[in-house]
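Numbering (full-length UniProt numbering), first residue to last: 1 to 245.
What follows is the structure, encoded as structure tokens:
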């Protein structure tokens with residue numbers, strides 16, 4: 001992409017790793033990731049983590065940024081008034097948790113209307129609950145009926161990062177749309193590419209789209225078949241993302 005910071009070598013992309021346990025958070029920090037997205041139930045696309053997990057992570061990490069998923073249930077992203085109240089309470093409770101003074105905390109949320117547009121009223125309340133902490137709008141963005149319009153709505157709400165695969169099943173398939181969103185954003189909001197982004201394709205994706213941030217779910221099965229964070233995959237991903245040929 002012409003003018004891409006990655007393509008011109010002026011700035012490496014920010015690397016975010018999605019994790020659902022303390023071990024994964026510590027591994028991501030040790031391998032040099034810039035930020036984690038902390039959630040539970042990755043098999044359901046990620047839900048709000050327990051307060052115990054959030055407190056443990058915020059108390060142990062020292063350098064890495066932490067974005068905490070606020071999503072009360074699996075399924076669609078159309079939330080009732082009662083569910084929004086739960087989300088607001090979760091944000092308030094997590095903001096009150098003790099953390100290392102150097103930890104940059106933020107939240108990851110997303111709410112839509114039945115018409116598949118951003119639920120501006122719910123999002124305004126959630127954004128206000130976050131106070132001065134950053135908010136990312138998650139991949140609910142990809143099921144909105146008009147991505148450019150949704151991006152402008154989010155900008156109007158003061159949301160400054162959006163996780164997306166360009167409305168496609170994978171970021172590779174949505175590369176053309178991602179490139180267009182980066183151009184539309186024009187530095188006003190960070191477009192985070194996520195969706196089957198791996199060490200083997202991240203370099204080409206960065207060069208095609210110019211996205212400033214990339215998102216990886218680095219999971220592998222352990223000896224018991226449970227999915228755990230792969231330090232090897234994180235390391236390979238970071239090398240590929242930060243060292244263009």
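Quick reminder that beta carbons are idealized off the backbone N, C-alpha and C, glycines included.
The model shown is predicted, which means the values in this text are computed figures rather than measured ones.
*asked:* Can you tell me whether residue 16 is buried or exposed? The criterion is at least 16 other CB atoms within 10 Å of its CB, across all chains shown.
replied: Here residue 16 corresponds to residue number 16 of the chain shown, with the count starting at 1. Buried.
Taking the Cβ atom as the reference point for each residue, do residue 234 and residue 56 lie within a distance shorter than 8 Å?
-> Residue mapping note: residue 234 aligns to position 234 of the chain shown, counting from 1. Residue mapping note: residue 56 aligns to position 56 of the chain shown, counting from 1. Against a cut-off of 8 Å, the Cβ pair of residue 56 and residue 234 comes out as no contact.
Query raised in the report: If you draw a straight line from the alpha carbon of residue 20 to that of residue 67, how long is it in whole angstroms?
Result: Residue 20 sits at position 20 when you count from the first residue of the chain shown. Residue 67 sits at position 67 when you count from the first residue of the chain shown. Going by the C-alpha atoms only, they are around 12 Å apart.
*Where residue 142 falls, given that 16 or more other Cβ within 10 Å makes a residue buried*: For this step, residue 142 is matched to residue 142 along the chain shown. Classification for residue 142: buried.
message = Assess contact between the region 161 to 169 and the region 131 to 141, defined as three or more Cβ pairs (one per stretch) separated by less than 8 Å. Is contact present?
response = yes
Subject >> Unbroken beta strand (DSSP E) run spanning residue 211, endpoints >> reply: The residue labelled residue 211 in the question sits at position 211 within the chain shown. Unbroken run through residue 211: none, as it is neither H nor E.
Given that a residue counts as buried once 16 or more other Cβ atoms are within 10 Å of its Cβ, and exposed if not, what is residue 238? Residue 238 sits at position 238 when you count from the first residue of the chain shown. Residue 238 is buried by the Cβ-count criterion.
*What are the start and end residues of the alpha helix (DSSP H) that includes residue 27?*
As a working note, residue 27 is residue 27 in the chain shown. That run of the alpha helix (DSSP H) goes 22 to 30.
Reduced DSSP secondary structure (H/G/I, E/B, other) of residue 59: Looking up residue 59 in the chain shown gives position 59. If DSSP states are grouped into helix, strand and coil, residue 59 belongs with the helices.
**Report entry** From 51, 126, 125, 190, residue whose alpha carbon lies closest to that of residue 98
**Finding:** Your numbering for residue 98 matches position 98 in the chain shown. Checked all of 51, 126, 125, 190; the closest Cα to residue 98 is 51.
Quiz item: How is the alpha helix (DSSP H) around residue 179 delimited, first residue to last?
Solution: Here residue 179 corresponds to residue number 179 of the chain shown, with the count starting at 1. Taken as a continuous stretch (DSSP letters only), the alpha helix (DSSP H) holding residue 179 covers 175 to 185.
May I have the straight-line CA-CA distance separating residue 108 from residue 69, to the nearest angstrom?
On the chain shown, residue 108 is found 108 positions in, with the first residue counted as 1. On the chain shown, residue 69 is found 69 positions in, with the first residue counted as 1. Looking at the two C-alpha atoms, the distance is approximately 5 Å.
Exercise. Identify whether residue 163 lies in helix, strand or coil by the three-state DSSP scheme.
Key: Looking up residue 163 in the chain shown gives position 163. Residue 163: strand per DSSP, three-state reduction.
- Note down the Cα distance separating residue 206 from residue 217, rounded to an integer number of angstroms. The residue you call residue 206 lines up with position 206 of the chain shown. The residue you call residue 217 lines up with position 217 of the chain shown. Whole-angstrom Cα-Cα distance: 17 Å.
The beta strand (DSSP E) enclosing residue 193, as first and last residue numbers: Start at 1 with the first residue of the chain shown, and residue 193 comes out as number 193. Counting along the chain, the beta strand (DSSP E) containing residue 193 begins and ends at 190 to 193.
Output the distance between the C-alpha atoms of residue 211 and residue 177, rounded to the nearest integer angstrom.
As a position in the chain shown, residue 211 is number 211, starting the count at 1. As a position in the chain shown, residue 177 is number 177, starting the count at 1. Between residue 211 and residue 177, the C-alpha separation is close to 11 Å.
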